[in-house]
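Q:
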Amino acid sequence: MSGPLDMTVVWLTWRQLFARRRIYVAAAFALLPVIFTIFFKFAADDYEGARLAFFSGVSRELIIGTLVPLAAALFGTTAFGGEVDDGTLVYLLVKPIPRWRIVFSKYVVAVLSTVGVMIPAMVLPWLMLSGPDLPFDVLRGFLLGGAGGAAIYCALFLSLGLATRRALVFSLLYVIAFEAVLSRNLVGVKSLSVREFAVAMSQAASNGAIVLKSYVVPMTTVWTMSAILLIGALALSLWQLSRYELAERV
Amino acid sequence: MSAATAMDGTSPFTPGAVARTHSVELRNVSRWYGNVVAVNDVSCVLTPGITGLLGPNGAGKTTILHVMAGLLRPSAGSVSVDGEGPAGNPGIYRTIALVPEGEAVQSFLTGYEFVHMSARLQQLPDAVAAARRAIALVDLEAAQGRTVSTYSKGMRQRIKIAGALVHDPGVLLLDEPFNGMDPRQRLQMIDMLRSLAQSGCVIVISSHILEELNDLASNVLVMVAGRLAASGHFREIRRLMTDRPHTFTIVSSNDRALAAALLSDESVFGVELAAPGVVVRTKDRGAMTRNLARVARDGSIRLLEIKPTDQSLESVFAYLVDR
Numbered sequence: 001m002s003g004p005l006d007m008t009v010v011w012l013t014w015r016q017l018f019a020r021r022r023i024y025v026a027a028a029f030a031l032l033p034v035i036f037t038i039f040f041k042f043a044a045d046d047y048e049g050a051r052l053a054f055f056s057g058v059s060r061e062l063i064i065g066t067l068v069p070l071a072a073a074l075f076g077t078t079a080f081g082g083e084v085d086d087g088t089l090v091y092l093l094v095k096p097i098p099r100w101r102i103v104f105s106k107y108v109v110a111v112l113s114t115v116g117v118m119i120p121a122m123v124l125p126w127l128m129l130s131g132p133d134l135p136f137d138v139l140r141g142f143l144l145g146g147a148g149g150a151a152i153y154c155a156l157f158l159s160l161g162l163a164t165r166r167a168l169v170f171s172l173l174y175v176i177a178f179e180a181v182l183s184r185n186l187v188g189v190k191s192l193s194v195r196e197f198a199v200a201m202s203q204a205a206s207n208g209a210i211v212l213k214s215y216v217v218p219m220t221t222v223w224t225m226s227a228i229l230l231i232g233a234l235a236l237s238l239w240q241l242s243r244y245e246l247a248e249r250v
Numbered sequence: 001m002s003a004a005t006a007m008d009g010t011s012p013f014t015p016g017a018v019a020r021t022h023s024v025e026l027r028n029v030s031r032w033y034g035n036v037v038a039v040n041d042v043s044c045v046l047t048p049g050i051t052g053l054l055g056p057n058g059a060g061k062t063t064i065l066h067v068m069a070g071l072l073r074p075s076a077g078s079v080s081v082d083g084e085g086p087a088g089n090p091g092i093y094r095t096i097a098l099v100p101e102g103e104a105v106q107s108f109l110t111g112y113e114f115v116h117m118s119a120r121l122q123q124l125p126d127a128v129a130a131a132r133r134a135i136a137l138v139d140l141e142a143a144q145g146r147t148v149s150t151y152s153k154g155m156r157q158r159i160k161i162a163g164a165l166v167h168d169p170g171v172l173l174l175d176e177p178f179n180g181m182d183p184r185q186r187l188q189m190i191d192m193l194r195s196l197a198q199s200g201c202v203i204v205i206s207s208h209i210l211e212e213l214n215d216l217a218s219n220v221l222v223m224v225a226g227r228l229a230a231s232g233h234f235r236e237i238r239r240l241m242t243d244r245p246h247t248f249t250i251v252s253s254n255d256r257a258l259a260a261a262l263l264s265d266e267s268v269f270g271v272e273l274a275a276p277g278v279v280v281r282t283k284d285r286g287a288m289t290r291n292l293a294r295v296a297r298d299g300s301i302r303l304l305e306i307k308p309t310d311q312s313l314e315s316v317f318a319y320l321v322d323r
């Protein structure tokens, strides 16, 4: 059990995240872009000419802009929130495991689960649309950008899962109100938007294959803000778990 | 000072036959939530053996157990387990085990997976053997392959206890552990806890039923409204509760004559006419009920109804506080 991960916590979190109907929700998330792509292939007038624009649009708006934050909200808030809700967190708290290892293990599982939903959602449409104008660099750029977004979202939502029993509701409100509405329409808010960070990372990681015409947050801002949010949220989770108290209702 | 003692300071328990290897000490521990005081100035030292934590619902038993387990920080005072503060000290859980109240267990796991997970989280060198041994201790081998969601309440309690015992804890804290267990399971559990106590384990069992601690806890701490109201051997606590002043309402064929006759009984210290009946206050329930029959016979009074009026658990505990 050496190293930053506790494999038993990883195993338990994995079982929790994919217990009950969550596995079907995750599968639906992953298959949604595939369904869109099938419609596009059969319905588009200029399929070959439009596939780069279509794939970029699906990856940026649907996957990075919607599916990744939704999957991160689902997995990030449940990683701790599920145990807080059903009262089973106590079984982890009364074990001789450093709290930071519990936080890190759960965080890694939440990120891997989110990325696990994102990968087929991006790779399958790319394979279906394959062609010379849709190079691997485009896929790689969006995959890495999406993974970067997943890493930040999961850190934020993990902390939210420890802070409130309505974490999923608050995280969905955040995704819809801030990421989907405000950050798309207000340039000043883009410097605080994880979605915009992920899009900027995608462009930077694509070796020039992705060229976005709209405003892209400068990479200096992206790295600085990402580091602050990621480290800050994980540190907050660690502090919350270290101070977590099981209160008797009096 | 009698064995049953009003608690205004430290009350050490040291069952003589058991070697002192582990200990839990609370010094003037208070815990409050906003304006609500859950635990008020509790001090005690617990050494190997079984201690019952008795009190009505909301008395602060769970809060005390959670403070001992390091899952709650005292608002005032201090707590130590084997000389170390448990709060914010994960290493202490190699010594402490807690069986929380309620049925919450990861219901998607099988019984074996739950106990094996506990063994792995305890970083035991042979987690499989430890899990099998703990499951055998609670007699759940036959059901260990089933998911916990299919377990009865008693089975859930037992699998939780197996998970807590998997690392041979030195301090075992059980919150209402007998809820849902049938009499055979209870007896089996009592035997197991006794042998664990004899091996040097400090065991604390909370309950709101005095008789549940019969034949199990030699020492009992009585908590009422967040305070440690009394402590002592089980028999002493039971005697206190039985011999306290009692109030009866007696309806008879001639209440006024019965009231006059009862006033001459030394065990009676108060008589009041009610409508209908007589309210009788006695300091010796046994003597009064024996004399009542004689008084009624001598006065040719027919007894129609005898009803104790202060038998609620809260009134019993309140007496211990006011004593």
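Residue numbers (this note's numbering), protein chains in the order written: chain A, 1 to 250; chain B, 1 to 323.
Virtual Cβ for every residue (Gly too), placed ideally from N, Cα, C.
Taking 8 Å as the threshold (C-beta atoms), are T88 of chain A and V105 of chain B in contact?
A: Position 105 of the second sequence, counted from the start, is the residue given in the question as residue 105 of chain B. Position 88 of the first sequence, counted from the start, is the residue given in the question as residue 88 of chain A. Their beta carbons are under 8 Å apart, which means V105 of chain B touches T88 of chain A by this criterion.
Q: Among residues of its own chain, excluding the 5 on either side of S118 of chain B, which ones have a beta-carbon nearer than 7 Å to its beta-carbon?
A: Looking up residue 118 of chain B in the second sequence gives position 118. Same-chain partners within the cutoff: G163, V166.
Q: Which whole-angstrom value describes the C-beta separation of T8 of chain A and L121 of chain B, a residue pair presumed to lie in contact below a C-beta threshold of 8 Å?
A: The sequence position of residue 8 of chain A within the first sequence is 8, counting from 1. The sequence position of residue 121 of chain B within the second sequence is 121, counting from 1. About 5 Å separates the two Cβ atoms, so the contact holds.
Q: Using three-state DSSP, classify M223 of chain B as helix, strand or coil.
A: Within the second sequence, the letter at position 223 stands for residue 223 of chain B. Three-state DSSP puts M223 of chain B in a strand.
Q: Tell me, please, which residues DSSP counts as bridged to E25 of chain B.
A: Walking along the second sequence from the start, residue 25 of chain B turns up at place 25. Partner(s): B:V45, B:S80.
Q: Once DSSP output is grouped into helix, strand and coil, what is the label at K160 of chain B?
A: As a position in the second sequence, residue 160 of chain B is number 160, starting the count at 1. Here K160 of chain B sits in helix by DSSP.
Q: Can you check DSSP and say which residues form a bridge with P308 of chain B?
A: The residue given as residue 308 of chain B occupies position 308 in the second sequence. In DSSP, P308 of chain B forms a bridge with B:F248.
Q: Specify, as a first and last residue, the run of the beta strand (DSSP E) that L246 of chain A falls within.
A: Reading the first sequence from its first residue, position 246 is the one you call residue 246 of chain A. Counting along the chain, L246 of chain A falls outside any beta strand (DSSP E), and DSSP gives it neither H nor E.
Q: Can you give me the start and stop residues for the alpha helix (DSSP H) that L174 of chain B sits inside?
A: Looking up residue 174 of chain B in the second sequence gives position 174. Careful: L174 of chain B lies outside any alpha helix (DSSP H), inside the beta strand (DSSP E) at 171-175.
Q: Would G91 of chain B pass as an interface residue toward chain A - the criterion being a Cβ-Cβ separation below 8 Å?
A: As a position in the second sequence, residue 91 of chain B is number 91, starting the count at 1. Cβ-Cβ to chain A under 8 Å: yes for G91 of chain B.
Q: Under 8 Å, Cβ to Cβ, is there at least one residue of chain A near P125 of chain B?
A: Position 125 of the second sequence, counted from the start, is the residue given in the question as residue 125 of chain B. Chain A contact via Cβ: absent.
Q: Mind pulling the chain A residues with CB within less than 8 Å of Q122 of chain B?
A: Position 122 of the second sequence, counted from the first residue, corresponds to residue 122 of chain B. In chain order: K95, P96.
Q: Can you find a C-beta in chain A that's less than 8 Å from the C-beta of P245 of chain B?
A: On the second sequence, position 245 is the one that residue 245 of chain B refers to. It does not: the Cβ of P245 of chain B has no partner Cβ on chain A nearer than 8 Å.
Q: At a Cβ threshold of 8 Å, is L109 of chain B touching chain A?
A: As a first step, residue 109 of chain B must be located in the second sequence, where it is residue number 109. Interface residue, yes.
Q: Could you confirm whether any beta carbon from chain B is found closer than 8 Å to the beta carbon of G3 of chain A?
A: As a first step, residue 3 of chain A is located in the first sequence; it is residue number 3 there, counting from the start. It does not; no Cβ of chain B falls within 8 Å.
Q: Tell me which residues of the segment 9-36 of chain A have at least one Cβ-Cβ distance to chain B shorter than 8 Å, keeping chain order.
A: The residues in question are V9, W11, L12, R15, Q16, A19, R20.
Q: According to a CB-to-CB cut-off of less than 7 Å, which residues of the segment 141-159 of chain A neighbour chain E?
A: Included in the structure are the protein chains A and B, with no chain E among them.
Q: With 16 other CB atoms within 10 Å as the buried threshold, where does L212 of chain A fall?
A: The residue given as residue 212 of chain A occupies position 212 in the first sequence. L212 of chain A comes out exposed.
Q: Taking the C-alpha atoms as reference points, what is the distance between L213 of chain B and S195 of chain B?
A: As a first step, residue 213 of chain B is located in the second sequence; it is residue number 213 there, counting from the start. As a first step, residue 195 of chain B is located in the second sequence; it is residue number 195 there, counting from the start. L213 of chain B and S195 of chain B: Cα-Cα distance of roughly 16 Å.
Q: Is G145 of chain B close to chain A, meaning its C-beta is less than 8 Å from at least one C-beta of that chain?
A: On the second sequence, residue 145 of chain B is found 145 positions in, with the first residue counted as 1. No, G145 of chain B lies away from the interface with chain A (no Cβ there is under 8 Å from its Cβ).
Q: Can you tell me the Cα-Cα spacing of F13 of chain B and L221 of chain B, whole angstroms?
A: Taking the second sequence and counting its residues from 1, the one referred to as residue 13 of chain B is at position 13. Taking the second sequence and counting its residues from 1, the one referred to as residue 221 of chain B is at position 221. In this predicted model, F13 of chain B has a pLDDT of only 34, less than 50, meaning its place in the structure is not dependable enough to derive any value.
Q: Would you say V90 of chain A reaches chain B, if we count a Cβ-Cβ gap shorter than 8 Å as a contact?
A: Position 90 of the first sequence, counted from the start, is the residue given in the question as residue 90 of chain A. True, the Cβ-Cβ gap to chain B drops below 8 Å.
Q: What do you reckon, are the CB atoms on Q157 of chain B and M192 of chain B nearer than 8 Å?
A: The count along the second sequence starts at 1 and reaches residue 157 of chain B at position 157. The count along the second sequence starts at 1 and reaches residue 192 of chain B at position 192. Not closer than 8 Å, so no.
Q: Below 8 Å on the Cβ atoms is my contact criterion, and I expect T77 of chain A with F157 of chain A to pass it. Report the Cβ-Cβ distance as a whole number of Å.
A: On the first sequence, residue 77 of chain A is found 77 positions in, with the first residue counted as 1. On the first sequence, residue 157 of chain A is found 157 positions in, with the first residue counted as 1. Sure, about 5 Å apart at Cβ, within 8 Å.
Q: Using a Cβ distance threshold of 8 Å, determine whether the segment 112-120 of chain A contacts the segment 163-183 of chain A, with at least three qualifying pairs required.
A: No contact exists between the segment 112-120 of chain A and the segment 163-183 of chain A.
Q: On the three-pair Cβ rule with 8 Å, is the segment 50-66 of chain A touching the segment 137-151 of chain A?
A: Verdict: yes, contact present.
Q: Roughly how many angstroms separate the alpha carbons of T224 of chain A and T95 of chain B, rounded to a whole number?
A: The sequence position of residue 224 of chain A within the first sequence is 224, counting from 1. The sequence position of residue 95 of chain B within the second sequence is 95, counting from 1. Each residue's alpha carbon lies about 43 Å from the other.
Q: Look up T51 of chain B in the DSSP assignment and say whether it is helix, strand or coil.
A: Within the second sequence, residue 51 of chain B is the residue found at index 51, counting from 1. Note: T51 of chain B maps to strand in three-state DSSP.
Q: Counting only the same chain and skipping the five closest in sequence on each side, list residues whose C-beta sits under 7 Å from that of W100 of chain A.
A: In the first sequence, residue 100 of chain A corresponds to position 100, counting from 1. These residues qualify, in order along the chain: L238.
Q: Quick check on S206 of chain B: does DSSP put it in helix, strand or coil?
A: Position 206 of the second sequence, counting from 1, holds the residue named residue 206 of chain B. S206 of chain B falls in the strand class under three-state DSSP.
Q: Would you please verify whether the beta carbon of E248 of chain A is less than 8 Å from any beta carbon of chain B?
A: On the first sequence, residue 248 of chain A is found 248 positions in, with the first residue counted as 1. Interpretation of E248 of chain A is limited by its pLDDT of 49, a score under 50 that renders its predicted location unreliable; the figure taken from the coordinates is listed afterwards. E248 of chain A counts as touching chain B.
Q: Answer yes or no: do P96 of chain A and Y93 of chain B have a C-beta to C-beta separation smaller than 8 Å?
A: The residue labelled residue 96 of chain A in the question sits at position 96 within the first sequence. The residue labelled residue 93 of chain B in the question sits at position 93 within the second sequence. Contact flag set, yes.
Q: Residues of chain B with CB closer than 9 Å to the CB of S242 of chain A, please, in chain order.
A: As a first step, residue 242 of chain A must be located in the first sequence, where it is residue number 242. Going along chain B in sequence order, the residues near S242 of chain A (Cβ under 9 Å) are G88.
Q: Nearest CA to the CA of F114 of chain B: which residue from B:T147, B:D82, B:E305, B:H233?
A: Along the second sequence, one-based indexing puts residue 114 of chain B at 114. That would be B:T147, whose Cα lies nearest to the Cα of F114 of chain B.
Q: Run the CB neighbour count on D6 of chain A, radius 10 Å, all protein chains shown included, and call it buried at 16 or more, exposed below.
A: Here residue 6 of chain A refers to the residue found at position 6 of the first sequence. By the 10 Å Cβ count, D6 of chain A comes out buried.
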